[in-house]
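Participant: Mind looking over this structure? Questions follow.
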């Protein structure tokens, strides 16, 4: 049991924080726990085709379907609500 505990602590320290639980995405109602890199789902991606590899997928928050991550406001918004001039 002691070895399991030590191994668990080492894994948490090595891989970072544990995945968020449902409802743990701050005050953004348009975000949910999941693959949090929002590949192809950023305001700068609206209107473009982005190929997202599944090699790296950090478990944090992602925008819900139909919403895009606005890098200026750090919120998930509808495409028409994206801040201008995002790259």
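Numbering (mature numbering (1 follows the signal peptide of the UniProt record, and there is no 0)), first residue to last: -23 to -1, 1 to 64.
Think of the CB as a built atom: it goes at the ideal place given N, C-alpha and C, for glycine as much as any other residue.
(1) Any idea what DSSP makes of residue 20, helix, strand or coil?
(2) Report the partner residues of residue 10 according to the DSSP bridge assignment.
(3) Excluding sequence positions up to five away, which residues of its chain have a Cβ less than 6 Å from the Cβ of residue 56?
(4) Can you look up residue 58 in the DSSP assignment and give me helix, strand or coil?
Facilitator: The short version:
(1) Looking at residue 20 - three-state DSSP - the assignment turns out to be helix.
(2) 38.
(3) Cβ-Cβ distances below 6 Å link residue 56 to 23 and 45 in the same chain, with the five nearest sequence neighbours on each side left out; the list follows chain order.
(4) In this structure, residue 58 counts as helix in the three-state DSSP scheme.
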